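Chains as they are written, first to last, in our numbering: chain G, 295 to 447; chain B, 295 to 447.
Ideal placement from N, C-alpha and C gives every residue a C-beta, glycine not left out.
Since this is a predicted model, take the numbers as computed values, not measurements.
Down below is the structure, laid out as structure tokens.
Protein chains: 2
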Amino acid sequence: MTVRTRSASQGFGDVRGRLRSAGLRWTPQRRALIDVLKATNGHVTGAELVELCRGRDPETTPSTVYRTLEVLEEIGLIKHSHGRDGRQEFHIAPSSEHGHAICESCGEVRELSDADVDDLVASLGGAGFAVDLSHLAVGGLCHDCRAAEVAEA
Amino acid sequence: MTVRTRSASQGFGDVRGRLRSAGLRWTPQRRALIDVLKATNGHVTGAELVELCRGRDPETTPSTVYRTLEVLEEIGLIKHSHGRDGRQEFHIAPSSEHGHAICESCGEVRELSDADVDDLVASLGGAGFAVDLSHLAVGGLCHDCRAAEVAEA
DNA sequence: GTTCTTTCTGCAATGAGTTGCATCAACACG
DNA sequence: CGTGTTGATGCAACTCATTGCAGAAAGAAC
Numbered sequence: 295m296t297v298r299t300r301s302a303s304q305g306f307g308d309v310r311g312r313l314r315s316a317g318l319r320w321t322p323q324r325r326a327l328i329d330v331l332k333a334t335n336g337h338v339t340g341a342e343l344v345e346l347c348r349g350r351d352p353e354t355t356p357s358t359v360y361r362t363l364e365v366l367e368e369i370g371l372i373k374h375s376h377g378r379d380g381r382q383e384f385h386i387a388p389s390s391e392h393g394h395a396i397c398e399s400c401g402e403v404r405e406l407s408d409a410d411v412d413d414l415v416a417s418l419g420g421a422g423f424a425v426d427l428s429h430l431a432v433g434g435l436c437h438d439c440r441a442a443e444v445a446e447a
Numbered sequence: 295m296t297v298r299t300r301s302a303s304q305g306f307g308d309v310r311g312r313l314r315s316a317g318l319r320w321t322p323q324r325r326a327l328i329d330v331l332k333a334t335n336g337h338v339t340g341a342e343l344v345e346l347c348r349g350r351d352p353e354t355t356p357s358t359v360y361r362t363l364e365v366l367e368e369i370g371l372i373k374h375s376h377g378r379d380g381r382q383e384f385h386i387a388p389s390s391e392h393g394h395a396i397c398e399s400c401g402e403v404r405e406l407s408d409a410d411v412d413d414l415v416a417s418l419g420g421a422g423f424a425v426d427l428s429h430l431a432v433g434g435l436c437h438d439c440r441a442a443e444v445a446e447a
């Protein structure tokens, strides 16, 4: 059913088809947002996406952007999580689910490997809790920022 | 320096003194919020706290509540994290730091044990990332909700 | 108790994100 | 190509949270 490739941007090839087969529509606004998403590599906040869309079409309204993001998440094209300040961060859906480690000082995001979380997933799984890796966010300090804090003290 | 006890509510015994020794002030508004916090056991959102404070004093303004929460977090009395919807959740500071597993369906929150996260902390620590356990949030489905979803399908 | 310093409060404005509702337009069908 | 159905859009209003600023008041000193 689902074709699995390694490329994260693979899914962007036939968004229209994916929407249609879900009974959803292909509109200029959605096309614009997808173009914007294609052009970003990494993680973007909702507000940033609204701004970027406004760059293409100044008429863009936030509600449409956020609703479209919801839809795109439903069809598995993107994922969102929440940064340390509680703001949404979107990223194009990876081929495999993964969590994120976010530096609370500089905001740097790194992806968690399976090895990082295996034990946690197993431990909670044993307790009946099914972990949703895509929503796993670990706060902390990255190597550089920790070094900087130590130097300060 | 810091007296360590097992009781999470221990710290609430001398908030006034703790504030004073940090050059901060003891005001009616802060007293009200602390009373409210004492009365909650578990996790509360910012908005809920504002509402609860309004119950005691209808004049309460959000900015004061949020700023006081910030102060209380600075002196280590409470901690906050972000729920699956990005809203803040506050809880009285535990004797030991711990993460949370949040059910994305029913919102149930359970605390993570050290055993749950040991491997993750070690793994990231090896890569130079210092995990802040109090900000660790794992999304997923609790036992009951997972059973319900399976039954639906 | 009066005075002074400095923090805190409350207001008003702002930003991020969400929602209800009337209107509009994809797109399937004839 | 015309038409009808249904999903999408845009607006306006709303919630949660944050911030700048002027005035209020806690607490220390006298």
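- In its chain, beyond the 5 residues on either side, Thr358 have a beta carbon closer than 6 Å to the beta carbon of G:Gln323.
- The alpha carbon of B:Leu313 has as its nearest neighbour, out of B:Asp413, B:Pro352, B:Glu367 and B:Leu331, the alpha carbon of B:Glu367.
- The beta carbon of G:Glu391 sits closer than 7 Å to the beta carbons of Leu427 and Ser428 from its chain, once the five residues preceding and following it are set aside; these are given in chain order.
- Counted as a single uninterrupted DSSP element, the alpha helix (DSSP H) harbouring G:Ala416 occupies residues Asp408 to Gly420.
- A Cβ-Cβ contact shorter than 8 Å links G:Ala431 with G:His376.
- Of all residues in the stretch 377-405 of chain G, those with a C-beta nearer than 9 Å to a C-beta of chain B are Gly377, Arg378, Asp379, Gly380, Arg381, Gln382, Gly393, Ala395, Ile396, Cys397, Glu398 and Arg404, reading in chain order.
- By alpha-carbon distance to G:Glu383, the top candidate from G:Val365, G:Ile369, G:Val403 and G:Gly370 is G:Val403.
- Scanning chain G for C-beta atoms nearer than 8 Å to the C-beta of B:Ala409 yields Ser417, reported in chain order.
- Comparing alpha-carbon positions, the option among G:Ser399, G:Gly340, G:Ser407 and G:Glu345 lying closest to B:Gly380 turns out to be G:Gly340.
- Taking a 10 Å sphere around the C-beta of B:Val444, we find fewer than 16 other C-beta atoms and assign the residue as exposed.
- One finds Val432 and Gly434 in chain G with Cβ atoms closer than 7 Å to the Cβ of B:Val425, taken in chain order.
- DSSP lists G:Ala424 as the bridge partner or partners of B:Leu435.
- If the five residues before and after B:Cys400 are omitted, its C-beta is found closer than 8 Å to the C-beta atoms of Cys436, Asp438 and Cys439, all from its own chain and listed in chain order.
- Counting only Cβ-Cβ distances below 7 Å, G:Arg440 has contacts in chain B at Ala424, in chain order.
- Pairing B:Gly336 with B:Cys397 gives a Cβ-Cβ distance that is not under 8 Å.
- In the three-state DSSP reduction, G:His392 falls in the coil class, being neither helix nor strand.
- Around the CB of G:Thr321, fewer than 16 other CB atoms lie within 10 Å, so the residue is classed as exposed.
- Note that the C-beta distance between B:Asp408 and G:Ser417 is not below 8 Å.
- The beta-carbon of B:His437 is placed less than 8 Å from the nearest beta-carbon of chain G.
- The residue from B:Glu364, B:Asp413 and B:Arg325 with its alpha-carbon nearest to that of B:Asp351 is B:Arg325.
- Not one beta carbon of chain G lies nearer than 8 Å to the beta carbon of B:Leu363.
- Under the three-state reduction of DSSP, G:Ile328 is assigned to helix.
- Taking 8 Å as the CB threshold, B:Leu414 lines the interface with chain G.
- Shown here for G:Val309: same chain residues with a beta carbon closer than 6 Å to its own, the five before and five after excluded, namely Ile328 in chain order.
- Contact annotation, G:His385 with G:Ile369: C-beta distance approximately 15 Å; criterion of less than 8 Å not satisfied.
- Between the alpha carbons of G:Ala387 and B:Ser315 lies a distance of about 49 Å.
- Pairing B:Pro356 with B:Val338 gives a Cβ-Cβ distance that is not under 8 Å.
- Assigned with DSSP and collapsed to three states, B:Ser315 falls in coil, not helix or strand.
- Taking a contact as a CB-CB distance under 8 Å, the pair G:Leu318 and G:Val365 counts as one, their CB atoms being some 6 Å apart.
- For B:Ser375, no alpha helix (DSSP H) run applies; the uninterrupted beta strand (DSSP E) run containing it begins and ends at Ile372 to His376, by DSSP.
- Note on geometry: alpha-carbon atoms of B:Gly422 and B:Arg348 lie some 44 Å from one another.
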